[in-house]
Amino acid sequence: MMKHGESNKKVIHSMLSVLEEESDIYEIFPDYVDTSDISILTDSPIKKGALKTFQEVQALIQTGKKKEVKQVIRENSWPVNSSIRKQLWPLLCHQHAQDKTVLEGFYWDVVKQIFGTTDLPEKSVMLPPFVDGSKCLSYHLSRKGKTIAERVVAVIGYSFPDITYSPAIFPIAAILLHFMNEEECYNCMTHLVKSDPKAKETFITQTKLLYEVTWRTAMQVSKKHAKSATSFLLRNSPSNTKVEHMFQDWLWWTFQGLPFHHLVRVMDCFLNEGMKVFYRVSMAILLLFHKYSGASSFSSSPVHATNSSTQPTIPSSSSWLQEISANGVEAALLKFCRQMPVSCLWNSYVTACTC
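Going letter by letter, the sequence shown gives residues 1 to 355 in the UniProt record's numbering.
Below you can see the structure in the form of structure tokens.
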């Protein structure tokens, strides 16, 4: 028979093992990321079986197999806490660079030139005028992490004075900082801002005019490939609202609406393929919103398992129609994004890729 003392030791050992395991699943994040609210999805909604390693993806990139790289990244849903992004994201960004040389320490030289020191300031950093203050999304960054994001964006503003309007720069930098250090984040952002024009891929718009071009493009693509969903959106808008107004915030359906683990998967594809990924994601969101809010009755679909023991569901069509009636279609759409089942989004995204 086991003695009482031995039994207690086993219980304590078991509890410590659980705590160590819980700690390990977040160890890839830097110390300026608050992991308390990050949900870890354990399965891949599209790709079944073993996920590709960084070395396998790197080999495809180095041999110029762009089509295969695109397919691998779309199909391999690495968990949000996968260590692959620490290497994969910088590699994806670097492949788009106009100038492939990276001067080591250049970022810190500029930081010292602007701020007089490399020490992180205790107060918020003044942001460039191209930033939209209402769109400074920091996701799971701590107060320290947000200040780091502010400093990165401030240095980008100093290095690229021609940028006049680019609200997406801050949230993109904030997302990158979840998986890399400050200097790497700056280097990646410069590759995206100054991408090789021969590649014909846009990553970050830098003027008000180009920003308008993107939402108008998103609108035209949706009208063509998601006509019923776009009509549904307009039909449920206030009588004096035009479809143009609805699409002006199209980018924020993704950046502000989607849960973080969905957004990270979107970024996997975006860092490889560019702005067209956001067009497809927005179209996938519209198609799903129409499906779950339309006249036909659809059953609730559970979200893939998270840290929580309960699985939230997307309410039936009648619930979404009530939500639209009570709070308006724009608020309902954002709420829908936050409850998006991961399998639904990626199945719809893959379908949108064929358009």
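Each residue gets a CB set at the ideal place from its N, CA and C atoms; glycine is no exception.
Select from V329, K224, N272 the residue whose C-alpha is nearest the C-alpha of residue 376.
-> Since the first residue shown for the chain is 1 and the last is 355, residue 376 is missing from the structure and cannot be characterised.
Could you give the distance in angstroms between the alpha-carbon of Y107 and the alpha-carbon of K194?
-> 16 angstroms
For the candidate residues S39, I28, I84, whose alpha-carbon lies nearest to that of residue 358?
-> In the structure as shown, the chain begins at 1 and stops at 355. Residue 358 is therefore absent and cannot be evaluated.
At which residue ranges does the segment 199-238 contain complete alpha helix (DSSP H) runs of 4 or more residues, listed in the order of the chain?
-> 208-225, 227-235
Straight-line CA distance for K67 to C185?
-> 26 angstroms
Could you pull out every unbroken beta strand (DSSP E) segment of at least 3 residues lying fully inside the segment 83-122, listed in chain order?
-> none
By a C-beta neighbour count over all protein chains shown, 10 Å radius and 16 as the cutoff for buried, is V303 buried or exposed?
-> In this predicted model, V303 has a pLDDT of only 37, less than 50, meaning its place in the structure is not dependable; the value taken from the coordinates is given anyway. It counts as buried.
Mind checking S134: buried by the 16 CB within 10 Å criterion, or exposed?
-> exposed
Kindly confirm or deny that the segment 174-190 and the segment 82-99 touch, where touching means at least three C-beta pairs closer than 8 angstroms.
-> yes
Of the residues L234, E201, P128, S282, the one placed nearest W215, counting alpha carbons only | S282
For the segment 159-169 and the segment 206-214, state whether three or more C-beta atom pairs, one from each stretch, are separated by less than 8 angstroms.
-> yes
Ends of the alpha helix (DSSP H) at T35?
-> No alpha helix (DSSP H) contains T35, which DSSP labels as neither H nor E.
If you count every other CB in all the chains shown that lies within 10 Å of the CB of S239, and 16 or more means buried, which is it?
-> exposed
Counting Cβ pairs, one atom from each stretch, are 3 or more of them under 8 angstroms apart for the segment 51-62 and the segment 227-246?
-> no
Ends of the alpha helix (DSSP H) at A59?
-> 54-62
Whole-number beta carbon distance between I169 and I156, since they are thought to touch under 8 angstroms | 6 angstroms
Between F336 and G64, what straight-line distance do the alpha-carbon atoms span, to the nearest angstrom?
-> 38 angstroms
Report yes or no: do three or more beta-carbon pairs, one from the segment 111-120 and one from the segment 70-77, lie closer than 8 angstroms?
-> no
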